[in-house]
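Trainee: Dropping the structure in here first, questions after.
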Amino acid sequence: ACVIPAMSLGPEMVAKVERATERIALALGVVGLINIQFAVYGDDELYVIEANPRASRTVPFVSKAIGVPLAKVACRLMLGERLADMDLSLPAQPGHVAVKEAVLPFGRFPHADARLGPEMKSTGEVMGIASDYPAAFGKAQAAAGSQLPSAGTVFISVTDGDKPSATQLAASLHDIGFAVLATGGTAQAIRRMGVPVERIAKLSEGSPNVVERIEAGEVDLVINTPTGSGARADGYEIRRAAIARGIPCITTMSGASAAQRAIRARLAGEQEPLPLQELHAAPAAPARGGRDAERVGGAAE
């Protein structure tokens, strides 16, 4: 997902990105649009992946998020106008949060693995806008065809490195009424935190197993971050079964954290849709998100 304004970058890093963007654009002599992909390492290291003097698929998203027709502005610049002559006053921070999410067509390809990697698998993009990050993330997921459940049973199976985060996630979901289902090691870690959890066998461990529970319609949300050859085979079958039934399947802990916050936001009160024209006409108010709206995935653009 891509988020405006940035939720995982502090003011100093945002300023560094802005300075680097200006220097690169001037050095390349770009007039119009430029697409730069940055990578941030730690708290203060900024790297440039690539810079292209052209538009990208992020331009329409940014235009709708900030209320400025960037393609039109770029065309006017290329025809000789100057930015100084245009009325482009913008608030320092938009009074809302916009989330862009990829549309992944796994449901049309039953044998494809939902596990994400560097290769492009999306066939389109959608966006969600709300006054805070959790609500905007939830809207984006719904628009992408992955409506998050408000109740039911969550299945969790994660790597050893993800277990500390998974236990906190399980506790949070249990607090809002979810039943928790997990495989061996994950179930032990969750149980040690005092969270009620039902242990279920992996596919490779015999029957009854988690795939059978998913196929029986007894699971409403899947969180799976596998590694290793055996885990990869089990994880593939788990994700395949979830996709076949239209069950949201999350493969990163950052995405899982964002999802549980979105579920909490929906339970706290449904946000009504708001036309973009009204949104950008309204006075800006500080957007709400927090530093834990961390790296849900993808490079900064």
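The sequence shown: position 136 = 144 (the numbering used here), numbered continuously.
Backbone N, C-alpha and C define an ideal beta-carbon position, used for all residues, glycine too.
Output yes or no for whether 8 Å exceeds the beta carbon distance between Asn217 and Ala209.
Mentor: yes
Trainee: Does the Cβ-Cβ distance between Ile12 and Ala73 come in under 8 Å?
Mentor: yes
Trainee: Count Cβ pairs between the stretch 267 to 284 and the stretch 241 to 253 that sit closer than 8 Å; are there 3 or more?
Mentor: no
Trainee: Within 10 angstroms of its Cβ, does Val166 collect 16 or more other Cβ (buried), or is it exposed?
Mentor: buried
Trainee: Report the rounded CA-to-CA distance for Gly238 versus Arg248, giving the unit in angstroms.
Mentor: In this predicted model, Gly238 has a pLDDT of only 47, less than 50, meaning its place in the structure is not dependable enough to derive any value.
Trainee: Alpha carbon to alpha carbon, how far is Ile258 from Phe69? Give it in angstroms, no decimals.
Mentor: Phe69 and Ile258 have their alpha carbons spaced roughly 23 Å apart.
Trainee: Are the Cβ atoms of Gly40 and Met86 separated by less than 8 Å?
Mentor: yes
Trainee: For Gly160, write down the residues that DSSP places opposite it in a beta bridge.
Mentor: Bridge partners of Gly160: none, in fact.
Trainee: Leaving aside the five residues before and after Cys83 along the sequence, list all residues of the same chain whose C-beta is less than 8 Å from its C-beta, in chain order.
Mentor: Gly40
Trainee: By the DSSP assignment, the alpha helix (DSSP H) with Ala197 in it spans what residues?
Mentor: Gly192 to Arg200
Trainee: Using a 10 Å radius around the Cβ and a threshold of 16 neighbouring Cβ atoms, would you call Pro21 buried or exposed?
Mentor: The question names Pro, but residue 21 is Met in the sequence shown. Buried is the call here.
Trainee: Given a cut-off of 8 Å, decide if Leu181 and Val227 are closer than it, judged by their beta-carbon atoms.
Mentor: no
Trainee: Which partner residues of Tyr55 appear in the DSSP bridge assignment?
Mentor: Ala47
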